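Taken in order, the sequence shown gives residues 1 to 118; the numbers are from my numbering.
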Amino acid sequence: QVQFVESGGGLVQAGGPLRLSCAASRSIVGIYAMGWYRQAPGKRELIARITSGGSTNYADSVKGRFTISRDNAKNMVYLQMNSLKPEDTAVYYCNSDPCMVVNGRCVWGQGTQVTVSS
Numbered sequence: 001q002v003q004f005v006e007s008g009g010g011l012v013q014a015g016g017p018l019r020l021s022c023a024a025s026r027s028i029v030g031i032y033a034m035g036w037y038r039q040a041p042g043k044r045e046l047i048a049r050i051t052s053g054g055s056t057n058y059a060d061s062v063k064g065r066f067t068i069s070r071d072n073a074k075n076m077v078y079l080q081m082n083s084l085k086p087e088d089t090a091v092y093y094c095n096s097d098p099c100m101v102v103n104g105r106c107v108w109g110q111g112t113q114v115t116v117s118s
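Rendered as structure tokens:
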């Protein structure tokens with residue numbers, strides 16, 4: 001089982017950038033797709049996804065502003081966020097896509113809080 005530790009969140013003004021990092025506890029080479037998710041009050045949603053071949057997909061709400069990348073050699077996944085908006089305020093998580101499952105439930109890290117002020 002791989003565990004993920006997210007970092008890099010904080011308070012930023014609207015329009016500003018922020019870069020999130022995700023450290024995996026072991027190799028992610030064998031994980032086909034990695035994703036960044038976020039959860040505002042309500043449902044957790046997948047907002048960015050990258051395959052082992054480097055193909056990316058984004059939710060419409062972040063397309064053109066966010067960039068996901070992965071460094072398999074370092075067991076790291078990143079999310080570069082530009083032109084941040086107040087509606088980007090959420091707790092951000094990384095996980096595989098589909099998520100890591102233990103005993104029938106997705107296993108999540110602690111996440112990192114992103115707060116965008118207007």
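Glycine residues also receive a C-beta, built at the ideal position from the N, C-alpha and C atoms. Just so you know, these numbers come straight off a predicted model, no measurement behind them.
> Between the C-alpha atoms of Ser7 and Ser21, what's the straight-line distance to the nearest angstrom?
Replying inline: Position 7 of the sequence shown, counting from 1, holds the residue named residue 7. Position 21 of the sequence shown, counting from 1, holds the residue named residue 21. About 5 Å.
> To which residues of the same chain is Val29 closer than 8 Å at the C-beta, ignoring the five residues directly before and after it?
Replying inline: The count along the sequence shown starts at 1 and reaches residue 29 at position 29. Excluding sequence neighbours, Val29 sits near Ser52, Asn72.
> Which word fits Tyr92, buried or exposed, when buried means at least 16 other C-beta atoms lie within 10 angstroms of its C-beta?
Replying inline: Sequence index remark: in the sequence shown, residue 92 carries index 92 (1-based). Buried, because 16 or more other Cβ atoms sit within 10 Å of the Cβ of Tyr92.
>> Between which two residues does the beta strand (DSSP E) holding Asn57 run?
In response: If you number the sequence shown from 1, residue 57 lands on position 57. Asn57 -> beta strand (DSSP E) spans 56-58.
> Among residues of its own chain, excluding the 5 on either side of Arg19, which ones have a beta-carbon nearer than 6 Å to its beta-carbon?
Replying inline: Against the sequence shown, residue 19 aligns to sequence position 19. Counting only Cβ-Cβ distances below 6 Å, and skipping sequence neighbours, we find Gly8, Gln80.
>> Report the CB separation of Phe4 from Asn95 in whole angstroms; it is logged as a contact under 8 Å.
In response: The sequence position of residue 4 within the sequence shown is 4, counting from 1. The sequence position of residue 95 within the sequence shown is 95, counting from 1. The pair is a contact, with the Cβ atoms about 6 Å apart (cut-off 8 Å).
> Out of curiosity, what's the CA-to-CA distance linking Gly111 and Gly64?
Replying inline: Residue numbering aside, residue 111 sits at position 111 when the sequence shown is read from its first letter. Residue numbering aside, residue 64 sits at position 64 when the sequence shown is read from its first letter. Each residue's alpha carbon lies about 23 Å from the other.
> Rounded C-beta distance between Leu84 and Val116? I'm assuming under 8 Å.
Replying inline: Here residue 84 corresponds to residue number 84 of the sequence shown, with the count starting at 1. Here residue 116 corresponds to residue number 116 of the sequence shown, with the count starting at 1. Confirmed, Cβ separation roughly 5 Å.
>> Can you look up Asp97 in the DSSP assignment and give me helix, strand or coil?
In response: For the purposes of this step, residue 97 is taken as the residue at position 97 of the sequence shown. Residue state, collapsed to three classes: coil.
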